[in-house]
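Participant:
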Amino acid sequence: MKGKPSAGVIAAGEGSRFRRSGVATAKPLIPVGGLPLVGHVLRNFSLAGIGRAVVIFNESEEDCVRWVRRNPSGLELEIIVKSTKSSFESFWRVGRALGPGDHLISTVDALCAPEDLKKVLEEPGPADLVLGLTRRVEDEKPLWVEWDAVTGAVSRIGPPAGREATAGIYRVSDSLFREAPAEEFPSLRAWLKRTAEAGAKVRGVLLGDVFDVDDPSDLKAAEDFFRRAKTSS
263 MKGKPSAGVI
273 AAGEGSRFRR
283 SGVATAKPLI
293 PVGGLPLVGH
303 VLRNFSLAGI
313 GRAVVIFNES
323 EEDCVRWVRR
333 NPSGLELEII
343 VKSTKSSFES
353 FWRVGRALGP
363 GDHLISTVDA
373 LCAPEDLKKV
383 LEEPGPADLV
393 LGLTRRVEDE
403 KPLWVEWDAV
413 TGAVSRIGPP
423 AGREATAGIY
433 RVSDSLFREA
443 PAEEFPSLRA
453 WLKRTAEAGA
463 KVRGVLLGDV
473 FDVDDPSDLK
483 AAEDFFRRAK
493 TSS
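So the sequence shown is numbered by our numbering: it starts at 263 and just counts up by one.
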């Protein structure tokens with residue numbers, strides 16, 4: 263990649279599991295170790311050498327927009343405010359806004375070390391799509407992946423079981439966003455499966471611990487991780 267790469271954040275979900283648990287805070291602003299989820303992702307982008315970020319929030323998250331604007335990350339920011347029909351639509355809108363080239367896209371609840379973002383960005387093999395993979399799987403419905411750990415080639419997305427699952431971190435080629443899809447996808451995972459089945463070049467890269475912060479039970483593990491990272495730095 264020439265120059266500083268760009269990246270996107272999918273933060274337009276409703277955070278329904280947190281809301282069912284009585285958490286009224288918008289999901290992107292839920293703190294982990296004193297910093298909101300969206301703050302962690304943007305800070306990691308900056309530490310990974312990213313120069314520009316596109317962030318999508320839903321239309322009820324004006325407080326998230328204000329927080330991002332008031333807390334500089336060192337990134338050139340573009341903010342999209344749009345309540346989307348699905349995680350795929352959010353992903354698609356961010357991908358289109360990122361423009362030409364290869365880019366990183368992360369969900370707002372995927373917390374990891376910045377070195378793992380660099381792994382995804384620097385994966386050397388040619389690919390339309392690179393999946394960050396993790397063996398730390400706490401999700402109720404993980405999206406498992408069949409792949410060759412030596413070559414990085416992904417042969418199947420969505421088998422019934424596996425050792426590695428998608429981590430919510432992707433490197434995407436602009437070729438994936440040049441034309442609107444012929445069908446409407448109910449979710450990002452549905453699009454990922456179909457993209458692999460349609461013959462796109464998909465690769466995987468194994469990351470360390472990635473924390474999928476979907477509900478209150480995930481917060482303690484993520485906070486412990488960042489506490490250890492601060493202690494060792």
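Note that beta-carbon positions come from the ideal geometry of N, C-alpha and C, so glycine has one too.
What are the boundary residues of the beta strand (DSSP E) that includes S204?
Facilitator: Because the chain is modelled from 263 through 495, residue 204 falls outside the range shown and cannot be assessed.
Participant: Cβ atoms of R433 and L366: under 8 angstroms apart, would you say?
Facilitator: Here residue 366 is taken as the residue at index 104 of the sequence shown, counted from 1. Here residue 433 is taken as the residue at index 171 of the sequence shown, counted from 1. Yes. Within cutoff.
Participant: What does a CB cutoff of less than 8 angstroms around D300 pick up in its chain, not counting 5 residues either side in sequence?
Facilitator: Locating residue 300 in the sequence shown gives position 38, counting from the first residue. A quick correction: the sequence has Val, not Asp, at residue 300. Counting only Cβ-Cβ distances below 8 angstroms, and skipping sequence neighbours, we find V271, A273, P290, L291, V317, C326, W329, V330 and V370.
Participant: Which runs of the beta strand (DSSP E) fall wholly inside the region 351 to 435 and span at least 3 residues, in chain order?
Facilitator: Runs of the beta strand (DSSP E) inside the region 351 to 435: 364 to 369, 391 to 396, 407 to 409, 416 to 419 and 427 to 435.
Participant: Between which two residues does the alpha helix (DSSP H) containing A269 stretch?
Facilitator: Locating residue 269 in the sequence shown gives position 7, where the first residue counts as 1. It is not in any alpha helix (DSSP H) - A269 instead sits in the beta strand (DSSP E) that spans S268 to A273.
Participant: Rounded to the nearest angstrom, what separates E441 and V399 at their Cα positions?
Facilitator: The count along the sequence shown starts at 1 and reaches residue 441 at position 179. The count along the sequence shown starts at 1 and reaches residue 399 at position 137. Each residue's alpha carbon lies about 33 angstroms from the other.
Participant: Decide if the region 377 to 392 is in contact with the region 346 to 357; the criterion is three or more beta carbon pairs, one per stretch, under 8 angstroms apart.
Facilitator: No: the two stretches stay apart, fewer than three of their Cβ pairs being nearer than 8 angstroms.
Participant: How is V300 classed by DSSP in three states: helix, strand or coil?
Facilitator: Here the question's residue 300 lines up with position 38 in the sequence shown. V300 falls in the helix class under three-state DSSP.
Participant: Quick check on the DSSP output: the beta strand (DSSP E) that includes L454 runs from which residue to which?
Facilitator: Sequence index remark: in the sequence shown, residue 454 carries index 192 (1-based). It is not in any beta strand (DSSP E) - L454 instead sits in the alpha helix (DSSP H) that spans L450 to E459.
Participant: Taking the alpha helix (DSSP H) that F280 falls in, what are its first and last residues?
Facilitator: Numbered from 1 along the sequence shown, position 18 holds the residue referred to as residue 280. That run of the alpha helix (DSSP H) goes S278 to R282.
Participant: Name the residue from E446, N320, V467 and P298 whose alpha carbon lies nearest to the alpha carbon of I342.
Facilitator: As a first step, residue 342 must be located in the sequence shown, where it is residue number 80. Comparing Cα positions, the closest option is N320.
Participant: Determine which residues share a DSSP beta bridge with A442 and list them.
Facilitator: Here residue 442 refers to the residue found at position 180 of the sequence shown. Answer by DSSP bridge pairing: none, since A442 is not bridged.
Participant: In terms of residue numbering, what span does the beta strand (DSSP E) encompassing E338 cover?
Facilitator: Numbered from its first residue, the sequence shown carries residue 338 at position 76. From DSSP, the beta strand (DSSP E) with E338 extends over E338 to V343.
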